[in-house]
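Engineer:
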Amino acid sequence: MKADTHPNYDFITIVMTNGTSYRTRSTMGGAGKSLSLDIDPSVHPAWTGSTNTLLDRGGRVARFNDKFAGFITK
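The working numbering applies: residue 20 is where the sequence shown begins, and numbers increase by one.
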């Protein structure tokens, strides 16, 4: 195999939005680096099962619903 073809696989620290952190291995950055998450499984509705509604900024959601109303079956 060719030498130096694979990136280094070092320990980094993942910092969640609530301040908790854990160490894992990654090719991102380098040894001792930190990755701060903006969205993580503890707060994202895809993982928490939250049923929050979308905010309609400037009527975008209403325009989308009007445009594609024929495709939605209830």
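Cβ coordinates follow ideal geometry from the N, Cα and C atoms, glycine included. Every value quoted in this text rests on a predicted model; they were computed, and no experiment measured them.
Could you tell me which of 36, 42, 66, 50 sits nearest to residue 58, measuring between CA atoms?
Structural biologist: The residue with the shortest Cα to Cα distance from residue 58 is 36.
Engineer: Which one of 42, 23, 38 has the shortest CA to CA distance from residue 32?
Structural biologist: When each option's Cα is compared against that of residue 32, the closest is 42.
Engineer: Which residue comes first and which comes last in the beta strand (DSSP E) that contains residue 43?
Structural biologist: Unbroken beta strand (DSSP E) run through residue 43: 40–45.
Engineer: Apart from the five residues just before and just after residue 90, which ones in its own chain have a Cβ nearer than 8 Å to its Cβ?
Structural biologist: Here the set comprises nothing.
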